[in-house]
Amino acid sequence: MIEILAPAKVNLTLRVLGKRPDGYHDLESLTCQMDLCDRLRITEEPSAISFSCDREELAGPDNLAWRAALLLKERSRTPRGAALRLEKRIPAGAGLGGGSSDAAAALRGLSRLWGLGWDTPRLAELGAGLGSDVPLFLHPSPALMTGRGETVTPLQVRVDAHFLLVYPGFPVSTAWAYGNFRLTRKGSEDRIARLLDKLREGIVPDSWGEVLVNDLEEGVFPRYPVLRELKELLLRQGARASLLSGSGSTVFGLFDQREAAEDAAGALAHREGWSVFLARPVCG
Ligand code: C5P
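Sequential numbering from 0 applies to the sequence shown in numbering that gives the first Met the number 0.
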């Protein structure tokens, strides 16, 4: 039996550069994986693939981990099978990359279990066909995503902060968030460079708020005003910065001290439907 942890991610910066002829958007995003993880258990079976999940509503054939397993079996032409059992902790449709991370975990785990010897670029190419974020989870964190997200450059930086992730109890559709995006030039251009410079120097930015940016907030917040409220609430609770992760719906706050993040978690946890997660970045 193989057990693999599938981490969540947050986007510390997300710039949308423009729409592409294939309908996707080119982007540039600095991402960091978190120690909030799903757990995937894989056991070898004679020939078939089976899949189960502790959240019934996610146990259907749309599940990206299941689809990843079927695709790898087909492409590798292996006669071998596997039973996959997924335990979810990362909320779905939350902008935390949970489904993509589960798919990446399935690809890594099955490649090992079946002795395929597929390297990361080969698995990443297959994974990119399942979702733009899948390759990200096959690489070490933190990383820069470009193209439609499938081009991943791991970064030698440390992100030293305590994260409070707040899931508001409803998902936001990624396709809708990108479809609703209107390109404006509003000066987010040099933020990634500035943030990277600081992190490379080992400096915790004294003003995270100036360097963190998510271009999708502008389209998502008017439709879901509670997310803007949540961001303001996190800042009032002492977060050094707060941002929508990916296309949402999770909003995260970034704190210098664990105690401050815990205090904020305590203050926000009582809101009905909200789930709060304290998380630390996975670096290297
Ligand atoms: O790649 P993924 O399946 O996660 O994307 C879901 C949807 O989000 C796409 O069908 C597309 O509408 C939108 N998207 C986009 N540009 C990206 C990533 C996603 O427009 N870079």
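We put the CB at the ideal spot given by N, CA and C, even for glycine.
query                                                                                                         : result
Cβ-Cβ separation, Ser241 to Gly252 (assumed contact under 8 Å), whole Å                                       : 5 Å
Cβ-heavy atom distance, Ser131 to the ligand HEM, below 7 Å                                                   : Absence of the ligand HEM from the depicted structure is noted, with the ligand C5P being the only ligands included.
DSSP three-state assignment for Val219, whether helix, strand or coil                                         : helix
Heavy atom of the ligand C5P within 7 Å of Gly126 beta-carbon                                                 : no
Nearest candidate by alpha-carbon position, reference Glu27, set Leu115, Gly94, Leu13 and Leu39               : Leu13
Gly168: CB within 7 Å of a non-hydrogen atom of the ligand C5P                                                : no
Proximity to Gly148 [Cα-Cα], best of Pro78, Leu106, Leu129 and Asp53                                          : Leu129
Bridge-paired residues (DSSP) for Gln305                                                                      : An answer regarding residue 305 cannot be provided, because it is not within the stretch 0 to 283 covered by the chain.
Cβ-based burial, Asp53 [other Cβ within 10 Å; buried from 16]                                                 : exposed
Validate contact between the region 70 to 81 and the region 130 to 142 using beta carbons, cut 8 Å, 3 pairs   : no
Outcome for Leu194 when other beta-carbon atoms lying within 10 angstroms are tallied against a minimum of 16 : buried
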